[in-house]
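Asks: First, the structure itself, so that you have it in front of you.
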Amino acid sequence: MKKQFVTATFISDIISLNDDTGKYEPIGKFYARDGKGYVACDNTTGDAWTEFFDSREEAIKWLDNKDPIYIGQTVINKITNKKMKVTRYDG
Numbered sequence: 001m002k003k004q005f006v007t008a009t010f011i012s013d014i015i016s017l018n019d020d021t022g023k024y025e026p027i028g029k030f031y032a033r034d035g036k037g038y039v040a041c042d043n044t045t046g047d048a049w050t051e052f053f054d055s056r057e058e059a060i061k062w063l064d065n066k067d068p069i070y071i072g073q074t075v076i077n078k079i080t081n082k083k084m085k086v087t088r089y090d091g
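Oh and the sequence shown: position 82 is 82 in full-length UniProt numbering, straight run, nothing missing.
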């Protein structure tokens, strides 16, 4: 999916608005300059995964799923965004 350079306000609007199903629109991959860095939003699933990066290159890598911490960070984001309770299993 093509990445679109947008404004930080555009990404903020995606995050703050969702439809009745809990999905965010528009669908796509977006990145924007924000202060001294970049904010990237992967909204290909309508879940609006969003991260802040120090450089454009890091934001693009994350949107391309080539960031080495992408998988771990996605799990952290899902837990945080869904407010899931994580309990320790001592088996």
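The beta carbon of each residue, even a glycine, is placed where N, CA and C say it ideally should be.
(1) From the DSSP output, read off the bridge partner residues of Lys29.
(2) For Glu51, is the classification buried or exposed, using 16 other Cβ atoms within 10 angstroms of its Cβ as the cut-off for buried?
(3) Measure the C-alpha to C-alpha separation of Phe5 and Asp20 and round it to an integer number of angstroms.
(4) Just mark Lys29 as buried or exposed, buried being the case when its beta carbon has 16 or more other beta carbons within 10 Å.
(5) Pop quiz: Thr53 and Ala32 are said to be a contact at Cβ under 8 Å. What is the actual Cβ separation, rounded to whole angstroms?
(6) Consult DSSP for Thr21 and reduce its assignment to one of helix, strand or coil.
(7) Using the three-state DSSP reduction, which class does Asp47 fall into: helix, strand or coil?
Replies: For this structure:
(1) Lys3 and Asp42
(2) Flag for Glu51 reads buried.
(3) 27 Å
(4) buried
(5) The question names Thr, yet the displayed sequence has Phe at residue 53. No, Phe53 and Ala32 are not in contact; Cβ-Cβ is about 11 Å, not under 8 Å.
(6) Coil.
(7) coil
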